Amino acid sequence: MNRASKWRFVGFKMFIVYFVSMTVSIMVMGYLSFHKAQEIIQQNAGKVALQTVQQANKRLEMILEEYENRSYYVFGYRDLQKGILGGFRDNYERMQNTEHINKFLSSFANLRNDTANVFVLGEHTASYTYSLTSDPTFTTMSPARNGQREQDWYKKIIEADGHVVWFGIRPSFIPNKKPSEEAKPVFCYGRALKDIWGNGDIIGILLIEIDPGEIQRILAEIDFNAEGRSIIVDRANNVMADADGGSIMHPLDLELAAETERSGIRNETVAGEETVVVYDQMATSGWKLIGMASARELVKDSNEIRLYTLYLAACFTVVAVLLSWIISRLMHRPVRVLLQSMRKAKEGDFETQIVHHRRDEFGILFDSFNLMVSRIKSLINELYIQRLLKKENQLKMLGSQINAHFIYNTLDSIHWISRIYKVDDISTMIFGLSNYLRISLSDGRDMVTVREAVSLVESYLSVQKVRYQDKFEVSLEVDNELLDKQVLKFVYQPLVENAIYHGIENKRGKGRLAIRWTRKDDLLYFEVIDDGVGIAPEKLKQIKKALEDNDFTQEEHFALKNINSQIKLAYGEPYGLDLDSGPAGGTKVTLMFPFRNEPK
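Numbers 17 to 616, taken from the numbering used here, label the letters of the sequence shown in order.
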């Protein structure tokens, strides 16, 4: 059995349908289950990562608060403000004040071992720096230069009006002159100094630079149990701090600074890889601490779930195959029994019976098939044979009715001509009549050749020409290839008679009658065309309806219905008569039947 023949069987189709539907359902269910499990694992991992970031954020906020508290010591130190404003009585007083500032800044810088530089840039008399980048160095300088005052960082500190301004990890704003130490980043922040003992005007700025090691260590210690990194960004989405300093002072590709929520979790694509991004806002600075980890690494534990899902899907697929095969076999077996029995009946074996006893729908089908075959067997002789006899008798009856009608008219014509005119035309009519009768009888045959049918019409016309004298002219055309074609005998003369009697006879003057046997493709046409009075539209519609209904109980248009019925009985339903007539006169009657097929 080839593959194409298998597709014809219901059992094979059911097997394919069950197998595909169950397998696809299992695969889809497994995929959705795994995808949902992976999503839940990723959400939980994201929540854990967010909690880790939030804990680290609290530590960082404590550090920044401690940095801010340090600046208050400098902000309120009276000798430092006096040194910036000046107004000493003498040089000794200035020196004494500078020494106090030196000790204060030394104590301030060494309070914690993370301070790198302290810059106090005054705008009046003096500025001071204390550096711990190499050896502890205290320096007294002139007031802030115009170049420094034009820097963005200086302006931001002034605009903050005493509030702390955080600059994050970056190279120093006031770099050391030693080239080896210029590239080392520091954590910078500053605030404006005010004359708190006077009118409160801004008299300078405080810029503190801290060793970023502690902040970077906290960022590095954030563990997501996956490959990732942690960074701090400001409100403009610029990186303020990271664990290794590789991306500081660069904008972050992710737009998280505009997020309205204080903390959250997002899935983003970073460098072509799906990444889980968690963030938490820092209350002290308004920055955001961001943690990024590979989504694939976060859900690596789901690989075990994936393998388990694949094993289950494979097992259920095997079960689906077995169930599909069993169901298809149960459905295909009775269908095959019914198909085999129907094939026998198709070949003419009406003795076949299905002996399987079932109580389901197939049992009803089997019983119905057995009953159907039995009834066909009992009806085939009486119904089929009777219909054949009826068709044959109907053809003969129709032919005999047409013959009787014609003979009656002919004899009537002969009678009146012989009585009124007493001319030799009687011999012509008798000759035509005898020739017509000879062809009409034709040893009882229902079929004649086109050549004989043409002779039949010519014999009829010879009689009618004598009867009507010069009332009409006739042109007769026959394709030579049709002369030996077998056709029905009694369907042509009545159409010619109708054309003469109903069309030309009622016309004033001489009429024309065209008779043609033609072939177009696989169809044979017999056409009778007259230029008589024609048929009224309502009358023509009535005739066509009578031909379609084929009702012989009505005597009207009996001859046309007889001819149309003979053609349909002999050749089939698509063939028959067609009439066409216009209101200006003239009628065309067309008889159509197949050229190649013999009558049934």
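Every residue gets a Cβ at the ideal spot worked out from N, C-alpha and C, and that includes glycine.
As the structure is a computational prediction, the values presented were derived from the model and not from experiment.
Taken through DSSP and simplified to helix, strand or coil, residue 240 comes out as coil. Around the beta carbon of residue 364, a 10 Å sphere encloses fewer than 16 other beta carbons of the protein chains shown; the residue is thus reported as exposed. Listed in chain order, the non-local C-beta contacts of residue 289 below 7 Å within the same chain comprise 310, local neighbours out to five positions each way being set aside. Residue 142 sits close to residue 159, with the two beta carbons spaced by under 8 Å.
If you check the CB distance, residue 537 and residue 519 do not come in under 8 Å. Within the same chain, Cβ atoms closer than 8 Å to the Cβ of residue 207 are found at 87, 91, 173, 176, 178, 179, 180, 181, 221, 222, the five residues on either side in sequence being excluded. At the C-beta level, residue 278 and residue 293 stay beyond 8 Å of one another. Here residue 497 has 535 as same chain residues with Cβ atoms under 8 Å from its own Cβ, once five neighbours each way along the sequence are excluded. When DSSP states are grouped into helix, strand and coil, residue 254 belongs to the strand group. For residue 206, the uninterrupted beta strand (DSSP E) segment begins and ends at 202-210.
Residue burial is scored here from C-beta neighbours: residue 324 has fewer than 16 other C-beta atoms within 10 angstroms and is therefore classed as exposed. Comparing C-alpha distances from residue 600 to each of 607, 486, 124, 552 shows the shortest one belongs to 552. According to DSSP, residue pairing for residue 304 in a beta bridge involves 249, 297. Closest option to residue 574, judged by alpha-carbon separation, among 84, 494, 95, 507: 507. Annotation for residue 213: no alpha helix (DSSP H) segment contains it, and DSSP assigns it neither H nor E. According to the DSSP assignment, residue 379 belongs to the alpha helix (DSSP H) that extends over 377-395. The continuous beta strand (DSSP E) containing residue 490 extends over residues 488-494. Counting along the chain, residue 609 sits inside the beta strand (DSSP E) bounded by residues 603-610. Residue state for residue 134 is assigned as strand, using DSSP reduced to three classes.
Using a Cβ distance threshold of 8 Å, residue 257 and residue 185 count as a contacting pair. DSSP, reduced to helix, strand and coil, places residue 580 within a helical segment of the structure shown. A Cβ-Cβ separation of about 19 Å leaves residue 265 out of contact with residue 286 under the 8 Å criterion.
In this structure, residue 499 places its C-beta atom within 8 Å of the C-beta atom of residue 467. In this structure, 577 is the residue among 522, 577, 389, 377 with its C-alpha nearest to the C-alpha of residue 562.
According to the DSSP secondary-structure assignment, residue 186 is paired through a beta bridge with 202.
In this structure residue 243 is exposed. Its beta-carbon is surrounded by fewer than 16 other beta-carbon atoms within 10 angstroms. In this structure, the CA atom of residue 305 is about 15 Å from the CA atom of residue 62.
Note on the segment 315-366: whole alpha helix (DSSP H) runs with a minimum of 4 residues are 318-362, in chain order. Three or more Cβ pairs closer than 8 Å define a contact, and the segment 67-86 falls short of that threshold against the segment 106-117. Beyond the five residues adjoining it in sequence on each side, residue 164 comes within less than 6 Å, by CB distance, of 170 in the same chain, given in chain order. Under the 10 Å beta carbon count, residue 228 is surrounded by 16 or more other beta carbons and is classified as buried.
Closest in C-alpha terms to residue 232, from the list 579, 118, 130, comes 130. Straight through space, the alpha carbons of residue 353 and residue 312 are spaced by roughly 58 Å. With respect to the C-alpha of residue 476, the residue from 513, 485, 487 having the closest C-alpha is 513. Sequence-distant partners of residue 605 (beyond 5 residues in either direction) whose C-beta falls short of 6 Å from its own C-beta, in its chain, are 511, 544, 595.
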